[in-house]
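Mapping the sequence shown onto the numbering used here, position 203 (from 1) lands on 212, and the numbers just tick up by one. Okay, structure first, notes after.
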Amino acid sequence: MNDTKVAEIKNLVKSYGAKDFQTTVLKGIDMCIYKDDFIAVMGPSGSGKTTLLNILSTIDKPTRGMVMLDGKDVSQISNKELAKLRKDKIGFIFQDYNLLDTMTLQDNIALPLALDGVPSKQILERIKNLAAVFDLSEQLRKYPYQLSGGQKQRGAVCRALITNPEIIFADEPTGALDSKAGKDLLHCLRRVNDSGQATILMVTHDPLCASYAKDVYLLSDGAMRCRISRGNDRKEFYNKIIDLQASIGGDFL
Ligand SMILES: Nc1ncnc2c1ncn2[C@@H]1O[C@H](COP(=O)(O)OP(=O)(O)OP(=O)(O)O)[C@@H](O)[C@H]1O
Ligand SMILES: [Mg+2]
């Protein structure tokens, strides 16, 4: 295991609502993410998976506790530094792709670098390489409405990777895909992680999706209940995850 910390949360608390009607979704969570980790956070619907991911990825703020990214306490840095951290170090993958309909796939993937003023020749080279890995070379000139769900989501992964982020945050990345497209995407994410290109934190309620990660954390009732690790056999890991779900008796859908 690589012992470089990419992200860390300490005693993270998140509550919603006004004083008298407050619900506390995350009740003091500690977690450390190291370089080359591929973590799946699982938990029942409403357990706070998206909330946790949004706080870790700086989209949302905690009520209490500390979030460290790239060695920096994100509450202590300026907005400018935070924007730079988001741009350079973080990649996002959303359940519903978030591609822009008025742009071709190629332009969608290029966007983060184009906004940053990177020369177009350099961008094209990067896109060509990524498209080959994600089996999208023939799709680059198409608009999102001309692509399948799986192609759109793999395109969204390319867009997340184009800046060479340190960490990728993915919220239910296979949630809108059929099982074949979902597996293709997960194989791609595994390859990206295995090759040391990016650390990945993904949230999912799907045991199959989670079985592609190296470690699974279980979130329930506002706390991290346990962590299990993959070993060599993914199918065995899948069975372990199913047993874990059964043991907490929760309905994950
Ligand atoms: N902006 C908000 N205001 C009030 N409550 C919220 C807000 N966002 C989330 N919640 C509540 O916090 C809890 C956790 O929500 P969250 O979206 O993190 O769950 P989740 O584990 O991602 O669920 P799912 O698997 O259904 O996506 C839910 O009870 C939800 O209603
Ligand atoms: Mg969610």
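We treat Cβ as the ideally placed atom computed from N, Cα and C, and that holds for glycine.
For ligand 1, a non-hydrogen atom lies closer than 7 Å to the CB of T59.
Assignment of beta strand (DSSP E) within the region 165–229, counting only whole runs of 3 or more residues, yields 176–180, 208–212, 224–229 in chain order.
Of the candidates D29, D46, M75, M75 places its Cα closest to the Cα of V22. Between C218 and G191, the C-beta gap is smaller than 8 Å, which places the two residues in contact. For V76, the CB stays at least 7 Å from every heavy atom of ligand 1.
Approximately 6 Å separates the beta-carbon atoms of D105 and A185; this is inside 8 Å, confirming the contact. Under the DSSP assignment, L109 falls outside any beta strand (DSSP E); it carries neither an H nor an E label.
Exposed is the label assigned to L109, since fewer than 16 other Cβ atoms lie within 10 Å of its Cβ. In the three-state reduction of the DSSP assignment, R239 falls in the coil class, being assigned neither a helical nor a strand state. Here S87 carries a coil assignment [DSSP, helix/strand/coil]. For L94, the three-state secondary structure derived from DSSP is helix. A residue is called buried when at least 16 other Cβ atoms come within 10 angstroms of its Cβ; G159 meets this threshold and is buried. F103 carries a coil assignment under DSSP once its states are collapsed to helix, strand and coil. Inclusion of D224 and S238 in the CB contact set at 8 Å is warranted, their separation being smaller than that value. Distance check between D215 and each of I177, S54, G100 places S54 closest, using alpha-carbon atoms only. Under the criterion of beta carbons closer than 8 Å, R236 and Y221 do not qualify as touching, at roughly 16 Å.
Judged by their CB atoms, G205 and D45 are nearer to each other than the 8 Å cut-off. Beta-carbon to beta-carbon, L170 and V212 are separated by about 19 Å, too far to satisfy the 8 Å threshold. Of all alpha-carbon atoms in P153, L91, Q115, K19, the one lying nearest the alpha-carbon of L133 is that of Q115. The closest heavy atom of ligand 2 lies 7 Å or more from the beta carbon of D69.
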